[in-house]
Amino acid sequence: MKPNDNNRSRFFSQNVLYVVLTGIGSIPIFLFMLAVVKSVGFPEDEATTLAFTLVVIAGVYIGRFIARIWAFRLEKIRPRLFVSLSLLATGLLAWLFFYAEFPLRDRFALAILLFGLPLFAVSIIAGILIKLARAVAQKQIAEAKSMAAHSASELQLLQSQISPHFLFNTLNNMYGLSITQHEKIPQLLLKLSDLLRYSVYEANKQFVPLADEMAYINNYIEFEKMRIGDRLSLSTDFEDFTSGSAKVAPMMLIVFIENAFKHSRDTTDEKIYIHISAKSWSNRILFSVVNSYRPEERKKDEGSSGLGLENVKKRLELLYPMDHHLVIEDSENTYKVMLQIKMK
0 MKPNDNNRSR
10 FFSQNVLYVV
20 LTGIGSIPIF
30 LFMLAVVKSV
40 GFPEDEATTL
50 AFTLVVIAGV
60 YIGRFIARIW
70 AFRLEKIRPR
80 LFVSLSLLAT
90 GLLAWLFFYA
100 EFPLRDRFAL
110 AILLFGLPLF
120 AVSIIAGILI
130 KLARAVAQKQ
140 IAEAKSMAAH
150 SASELQLLQS
160 QISPHFLFNT
170 LNNMYGLSIT
180 QHEKIPQLLL
190 KLSDLLRYSV
200 YEANKQFVPL
210 ADEMAYINNY
220 IEFEKMRIGD
230 RLSLSTDFED
240 FTSGSAKVAP
250 MMLIVFIENA
260 FKHSRDTTDE
270 KIYIHISAKS
280 WSNRILFSVV
290 NSYRPEERKK
300 DEGSSGLGLE
310 NVKKRLELLY
320 PMDHHLVIED
330 SENTYKVMLQ
340 IKMK
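Take 0 as the starting number for the sequence shown in numbering that gives the first Met the number 0 and just add one per residue.
Laid out in structure tokens, this is it:
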């Protein structure tokens, strides 16, 4: 079937639907108008009722047409427009009820005018309000879909940066080690292959089991312990997450651990101190990293650092918009990160 045939078929089906809905909706309108006409005392009840019913239906469709033009021309439909139209409709309805109490029974033409025109105006306003409300709802849905698509695209881009960032930092550090302590390189390469396997195959997932993420973190810590040696003074306090079913965004926590090792290792201190904690409380993960560092020495490397931290902040905003709390404290000799995120 050609595209033009599809458009004609869709247009025809929509028109048929409007006709059917109009026919169904006209029945209660006709019955309501019949009761109103009898109470007001218009002659020829059925003919007058039919005329008023057609006036109401025509007014609604005219209002929809006007609203379509407004929605096309206005960049933003403001709430005060809805309020103004609603107040106007309320005033006209009040007039109709007032007129129903005090009708002009001896002057038919004037009575029709005083009742029919406000009724027609109310119908137009009702059509405008219905169409504008639908246009606003459709616009909000479209914007929500656009934001979701943008967020998904941004998240995919951020996750695609994780593995190259990790690989760059690791290879850069291993280069220096290959000159001074080349005998450690074979073992480190084996560890590195395990780390890269996880970062390549798991980092593209939105959430992974927390137990797998903690296993990766432990693997990374072992890698750093082999690399740094006796200079490292490390303490960890990890809860056993192997029995639970909690999930977390992949490689979310490791960024803070990477930074802790990097910034403490780059100092000239004889000993570097790192403490890492990961526990659960209620339905939240409580994670913290404390490491020694020198602010003046860190400033030298500011041009090549910060990508991982900015990446993880953006990922937290996208994946845990209302379910995370990140605090970073920077004192004279200590750098501390505290993160709370809700378990998935």
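Glycine included, every Cβ here is placed at the ideal spot set by N, Cα and C. The model shown is predicted, which means the values in this text are computed figures rather than measured ones.
How big is the Cα-Cα spacing for residue i and residue j?
i: Phe260; j: Gly307; result: 13 Å
i: Glu276; j: Leu325; result: First, the amino acid is wrong: residue 276 is Ser here, not Glu. About 15 Å.
i: Asp265; j: Arg293; result: 9 Å
i: Asp329; j: Arg314; result: 22 Å
i: Ile76; j: Val121; result: 20 Å
i: Ala134; j: Leu128; result: 10 Å
i: Ala57; j: Pro208; result: 60 Å
i: Val336; j: Pro78; result: 44 Å
i: Leu189; j: Arg196; result: 11 Å
i: Val82; j: Ile23; result: 29 Å
i: Asn218; j: Leu131; result: 58 Å
i: Glu221; j: Ile253; result: 13 Å
i: Tyr60; j: Ile68; result: 13 Å
i: Gln139; j: Ser242; result: 42 Å
i: Leu191; j: Pro185; result: 10 Å
i: Phe46; j: Leu95; result: The question names Phe, but residue 46 is Ala in the sequence shown. Computed Cα separation, rounded: 20 Å.
i: Gly115; j: Leu20; result: 23 Å
i: Tyr339; j: Thr333; result: Note on residue identity: the sequence assigns Gln, not Tyr, to residue 339. Whole-angstrom Cα-Cα distance: 20 Å.
i: Leu194; j: Val247; result: 17 Å
i: Ala99; j: Leu113; result: 11 Å
i: Leu49; j: Phe31; result: 11 Å
i: Pro320; j: His274; result: 27 Å
i: His323; j: Asn310; result: 15 Å
i: Val18; j: Pro117; result: 25 Å
i: Arg72; j: Thr89; result: 26 Å
i: Phe97; j: Arg106; result: 17 Å
Compare the C-alpha of residue i against each of the options and name the closest.
i: Phe240; options: Gly228, Phe222, Ile227, Asp211; result: Asp211
i: Arg63; options: Val35, Ala125, Phe97, Glu100; result: Ala125
i: Leu80; options: Ala93, Val19, Ala66; result: Ala66
i: Ser244; options: Glu223, Ile284, Leu231; result: Ile284
i: Ser234; options: Ile256, Ser25, Ser242; result: Ile256
i: Glu331; options: Ser263, Phe97, Ser192; result: Ser263
i: Asn290; options: Glu316, Val82, Ile327; result: Ile327
i: Phe119; options: Phe51, Tyr334, Leu189; result: Phe51
i: Ser279; options: Ser287, Tyr272, Ile273; result: Ser287
i: Ala136; options: Met213, Leu103, Ala70; result: Ala70
i: Met250; options: Val39, Ala99, Lys312, Leu131; result: Lys312
i: Ala108; options: Phe41, Ser83, Ile68, Leu131; result: Phe41
i: Phe237; options: Ile340, Met213, Glu223; result: Met213
i: Asn282; options: Asn258, Leu194, Lys343; result: Lys343
i: Phe206; options: Glu309, Lys341, Gly90, Met321; result: Lys341
Excluding sequence positions up to five away, which residues of its chain have a Cβ less than 7 Å from the Cβ of residue i?
i: Leu92; result: Val121
i: Leu84; result: Ile124, Ile127, Leu128
i: Leu87; result: Ile124
i: Pro25; result: A small fix is needed here, since residue 25 is Ser in this sequence, not Pro. Cβ within range, chain order: Thr52, Ile56.
i: Ile216; result: Leu252, Ile253, Ile256
i: Ser304; result: The predicted position of Ser304 is uncertain, since its pLDDT is 49 and thus under 50; no value can be drawn from it.
i: Lys270; result: Arg230, Ser232
i: Val228; result: The residue you asked about is not Val; residue 228 is Gly in the sequence shown. Excluding positions up to five away in sequence, the list is empty.
Which residues in the same chain as residue i place their Cβ atom closer than 8 Å to its Cβ, once the five residues preceding and following it in sequence are excluded?
i: Asp44; result: Leu33, Val36, Lys37
i: Ala110; result: Val39, Phe41, Pro102, Leu103, Arg104
i: Lys204; result: Pro249
i: Lys224; result: Leu231, Leu233
i: Gly302; result: With a pLDDT of only 46 at Gly302, under 50, the local geometry of the prediction cannot be trusted, and the value read off the model is given with reservation. So the list is empty, once near-sequence residues are dropped.
i: Asp268; result: Ser291, Arg293
Below 8 Å, is the gap between the Cβ of residue i and the nearest heavy atom of the ligand ADP?
i: Gly24; result: The ligand ADP is absent from the structure shown, which contains no ligand whatsoever.
CB-CB under 6 Å to residue i, same chain, minus the five flanking residues each way: which ones, in chain order?
i: Tyr272; result: Ser232, Ser291
i: Val55; result: Ile28, Ser122
i: Asn258; result: none
Would a check of beta-carbon distances place residue i closer than 9 Å to chain E?
i: Leu16; result: Among the chains of the structure shown, chain E does not appear; only one protein chain is present.
Please go through the stretch 68 to 115 and give each complete alpha helix (DSSP H) segment of 4 or more residues, from N-terminal end onward. DSSP runs (the alpha helix (DSSP H)) wholly in the stretch 68 to 115: 78 to 100.
Minimum length 4: unbroken alpha helix (DSSP H) runs contained in the stretch 189 to 270: Segments of the alpha helix (DSSP H) lying fully in the stretch 189 to 270: 209 to 227, 253 to 264.
Just to confirm the assignment: which complete beta strand (DSSP E) runs, minimum length 3, are found wholly within the stretch 305 to 331? For the stretch 305 to 331, whole beta strand (DSSP E) runs of length 3 or above, ordered along the chain, are 323 to 329.
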